[in-house]
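> Would you mind keeping the following structure in view while I ask a few things?
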Amino acid sequence: MKLNNVSFPYPVLSYYTDDILPMLEENCIVCSVSKQRDSYAFEITLSLKNKDVLDLIQTETAIYTCEIDCQKTFYRKCETSKKGHFKFSIPSKSVRGVIVLTCLVIAVREIDGYSNKGLNPDYDNQKFSLDAGDLLVAFPQQRYDVDINYDELQTAGAFMQIRKDDAGNKYTWFDISGDKIDIVLPEALFDKYRNNICNETVFNAIIHSSIVFDALIYALFNINEKKDCLWARTIQYRLDTEKDKFEGLDIETSDDILKIAQILLGDPYQRLFDSLNQIKERSEEEE
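According to our numbering, the residues represented by the sequence shown are 2 to 288, in order.
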């Protein structure tokens, strides 16, 4: 359910509309997720300051709910709470891809003549008859992608890899159709990379600022066509959650893509020159 695109015939307190003022605050929902051995543990805390709605919850006329949905596996579950705090686990085998968490306050019985002191003046102090199950408060939806490796999120390995071309192609190419951005090397090149380069950390910056950077640029220019691929979802997650790093940058803008790629790879050109200096110093010492 895309709550920010839904209109209701009665006022709903939310972060998306001004039906009831003041609107929900930006930090009205705090969600943390931790991966356990065979499950995902969720903890959610909701913040609500509207007295009229709080009174309805206190008198058990309304209740906090949290709906958990996974489109890929059709997993669905609903939790309830009287205090706006949820703590639950989901078996790992039950979900795949994106989990959507929808937190609401809903009526649990009929409310005749519902009103709210924060009603937008456009409602002209109207009163509404609500049925059990009707929505009173809609918190911002939360999305969690269980396929993303959050422990490696800050490394290129979270969304890129180098592999051998088994089809006999003569030249290097980039495959962005799978879970990761694949840099596909001809067999001879891959053998050189595996035997002489991949285990030498001093060469990482050189690889990142050249072939890895090229592959990432290629992928970013095509990200809209591959937005369901895991690598695209991983990058989009970083763009959405690291707003301070990517502030003012638009992935739809060519010039910004160059900057976004450098941020994602941790300033590969700076690391390149640092690495070249290290190689130069090592060479001088050996002489």
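Using N, Cα and C, we set each Cβ at its ideal position, and we do this for glycine too.
Values in this document were obtained by computation on a predicted structure and should not be read as measured data.
Suppose only complete runs of 3+ residues qualify. What are the beta strand (DSSP E) ranges in the segment 29 to 97, listed by chain order?
Within the segment 29 to 97, the complete beta strand (DSSP E) runs of at least 3 residues are 30 to 36, 40 to 47, 63 to 71, 76 to 82 and 86 to 92.
> Measure the Cβ-Cβ separation of residue 10 and residue 21 and say whether it is below 8 Å.
Not in contact: residue 10 and residue 21 (Cβ atoms no closer than 8 Å).
> How long is the line joining the alpha carbons of residue 113 and residue 128, rounded to whole angstroms?
Between residue 113 and residue 128, the C-alpha separation is close to 8 Å.
> Quick one: what's got a C-beta closer than 6 Å to residue 89's C-beta in the same chain, skipping five residues either side?
Only 43 and 80 meet the Cβ criterion.
> Please name the residue or residues paired with residue 255 in a DSSP beta bridge.
BP columns for residue 255 are empty, so no partner.
> From residue 286 to residue 280, what does the alpha carbon distance come to, in whole angstroms?
About 10 Å.
> Comparing alpha-carbon positions, which option in 271, 33, 77 and 243 lies nearest residue 97?
Considering only alpha carbons, the answer is 77.
> Any idea what DSSP makes of residue 147, helix, strand or coil?
Residue 147 falls in the coil class under three-state DSSP.
> Can you pull the DSSP bridge partners for residue 115?
Per DSSP, 129.
> Taking just the CA atoms, how far does residue 247 sit from residue 105?
C-alpha separation (whole angstroms): 31 Å.
> Can you check whether the CB of residue 273 is closer than 8 Å to the CB of residue 207?
Yes. Within cutoff.
> Over what stretch of residues does the alpha helix (DSSP H) that includes residue 103 continue unbroken?
Taken as a continuous stretch (DSSP letters only), residue 103 belongs to no alpha helix (DSSP H), being part of the beta strand (DSSP E) at 99 to 108.
> DSSP three-state label for residue 218, please.
Helix at residue 218.
> For residue 55, which residues in the same chain have their Cβ closer than 7 Å to its Cβ, ignoring the five residues on either side in sequence?
49.
> Check this for me: beta carbons of residue 165 and residue 204, under 8 Å apart or not?
Not closer than 8 Å, so no.
> Could you have a look at residue 162 and say whether DSSP puts it in helix, strand or coil?
Looking at residue 162 - three-state DSSP - the assignment turns out to be strand.
> The alpha helix (DSSP H) with residue 192 in it runs from where to where?
Taken as a continuous stretch (DSSP letters only), the alpha helix (DSSP H) holding residue 192 covers 188 to 193.
> Answer yes or no: do residue 45 and residue 69 have a C-beta to C-beta separation smaller than 8 Å?
Cβ atoms of residue 45 and residue 69: not closer than 8 Å.
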